[in-house]
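Visitor: Going by my numbering, the first residue of the sequence shown is number 2, and it counts up by one from there. Just so you know, even glycine gets a beta-carbon here, dropped at the ideal spot from N, CA and C.
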Amino acid sequence: MALPPPHMKARKRFGQNFLIDDYIIASIVDAINPKEGERLVEIGPGHAAITRPVLERAKAMTAIELDRDLAKILREDPFLKGLTLIEQDALKFNFSEFAKDGDIRVFGNLPYNITSPIIFHLLEQKGIIDMHFMLQKEVVERLAAAPNSKDYGRLTIMTQYYARVYPVLEVPPEAFSPRPKVVSAVVRLKPKGLNDEERALAPLLNEVVTQAFSARRKTIKNALSDMFNDEELLRYGIELNMRAENIPLNTYVELAKLLKEKKQN
């Protein structure tokens with residue numbers, strides 16, 4: 002077990018849980034498969050359990066750390082030569098600007114309390130070719146869900162609009178210090194490389210999906226009655242007694258395009 006140094010204590014306000022299982026660490030690094038010359042960015046390096054083995058392979062990388070005390074320790078670590086540390090909130094970091102010098106690969110053990118905001122922030126950025134994240138297992142299940150399941154929802158649709166989702170491995174609570182109360186999992190996200198028009202449609206898609214899932218028990222006819230009439234829904238093969246979770250991503254995209262037309266007229 003790669004125990005964190007005693008002076009590195011997890012802080013609840015940052016949602017920190019340090020990874021300490023050597024086998025899990027090695028499995029995650031193998032999944033990322035970092036190579037020398039790639040532009041790698043880690044969010045929340047913590048006590049560098051993943052940072053060190055990635056740095057060994059890549060020789061250079063960047064990490065974003067919000068915790069000043071952790072950042073100071075990482076900066077002074079003689080075994081992290083080649084690490085560029087940015088002390089900033091990842092939610093405020095401009096990944097698109099950073100990627101102008103070349104595509105980037107992002108990874109990290111995301112704080113459970115801000116998982117969705119960070120994922121959405123990253124999906125909206127340009128220049129990211131893939132992401133590997135440690136998340137709650139139930140969040141990974143929601144990201145990868147298919148229609149007609151209880152896990153399928155707004156997070157599913159918006160993530161899958163931007164990226165392809167690949168669950169990688171499960172991580173038990175005992176792999177962390179302190180132990181979280183949930184099972185975790187690693188997921189790989191591969192952005193689809195949307196064009197500007199497709200990116201501009203995303204807020205409208207989010208509007209439709211948010212409305213559709215605002216009351217999951219309602220039929221889609223009732224849930225979207227403020228946006229579309231029966232004829233419009235039927236035009237896209239939507240049966241009026243369907244519910245939000247019965248409708249696939251591509252159909253929601255068509256509804257977003259229709260909403261765009263209606264707003265322009």
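Where does THR160 land, buried or exposed, given buried means 16+ other C-beta within 10 angstroms?
Guide: buried
Visitor: Do the CB positions of LEU75 and LEU92 come within less than 7 Å of each other?
Guide: no
Visitor: If we count Cβ pairs, one from each stretch, closer than 8 Å, do we get three or more for the stretch 196-216 versus the stretch 172-187?
Guide: no
Visitor: For the candidate residues LEU124, GLU232, GLY238 and PRO112, whose alpha-carbon lies nearest to that of SER97?
Guide: LEU124
Visitor: Does LYS193 come out as helix, strand or coil in the three-state DSSP assignment?
Guide: coil
Visitor: List the DSSP bridge partners of MET62.
Guide: Residue pairing for MET62: DSSP places it in a beta bridge opposite LEU84.
Visitor: Going by Cα to Cα distance, which pick from LEU136, TYR162, VAL210 and ALA145 is closest to PRO174?
Guide: LEU136
Visitor: Compare the Cα-Cα distances from LYS36 to each of GLU88, LEU20, ARG106 and ALA27 and report the closest residue.
Guide: ARG106
Visitor: Expressed to the nearest angstrom, what Euclidean distance is found between the alpha-carbon atoms of PRO148 and LYS73?
Guide: Between PRO148 and LYS73, the C-alpha separation is close to 46 Å.
Visitor: Quick one: residues in its chain with C-beta nearer than 8 Å to the C-beta of ALA212, no 5 flanking neighbours on either side, listed in chain order?
Guide: Residue identity check: residue 212 is Gln in the sequence provided, not Ala. So the list reads ALA224, LEU225, ASP227 and MET228, once near-sequence residues are dropped.
Visitor: Take SER185 as the anchor and find which of GLY109, PHE214 and SER150 has the nearest alpha-carbon.
Guide: Put simply, of GLY109, PHE214 and SER150 the residue whose alpha carbon is nearest the alpha carbon of SER185 is GLY109.
Visitor: Helix, strand or coil, according to DSSP, for ASP131 in the structure here?
Guide: Annotated three-state conformation of ASP131 is strand, per DSSP.
Visitor: Taking the CB atoms as reference points, tell me whether THR220 and ASN247 lie closer together than 7 Å.
Guide: For THR220 and ASN247, no; Cβs fall outside 7 Å.
Visitor: If distances are taken between C-alpha atoms only, which option among ILE29, ILE44 and LYS191 comes closest to ASN95?
Guide: ILE44
Visitor: Taking Cβ to Cβ, would you say VAL273 is nearer than 7 Å to ILE158?
Guide: Residue 273 is absent from the model: the chain starts at 2 and stops at 266.
Visitor: For LEU84 and LEU56, which I take to be in contact (beta-carbon distance under 8 Å), what is that distance rounded to the nearest angstrom?
Guide: 6 Å
Visitor: Can you tell me which of ASP104, ILE129 and VAL140 puts its alpha carbon nearest to the alpha carbon of THR116?
Guide: VAL140
Visitor: Ignoring anything shorter than 4 residues or poking outside the stretch 89-168, list the alpha helix (DSSP H) runs there in chain order.
Guide: Taken in chain order, the whole alpha helix (DSSP H) runs of length 4 or more contained in the stretch 89-168 are 96-99, 116-124, 138-144 and 155-163.
Visitor: From the DSSP secondary-structure annotation, give me the bridge partner or partners of ARG244.
Guide: THR220
Visitor: What whole-angstrom Cβ distance do ARG189 and TYR167 have, given they're in contact under 8 Å?
Guide: A Cβ-Cβ separation of about 4 Å places ARG189 in contact with TYR167 under the 8 Å criterion.
Visitor: Specify, as a first and last residue, the run of the beta strand (DSSP E) that VAL42 falls within.
Guide: It spans 40-44 - the beta strand (DSSP E) in which VAL42 sits, taken as one unbroken run.
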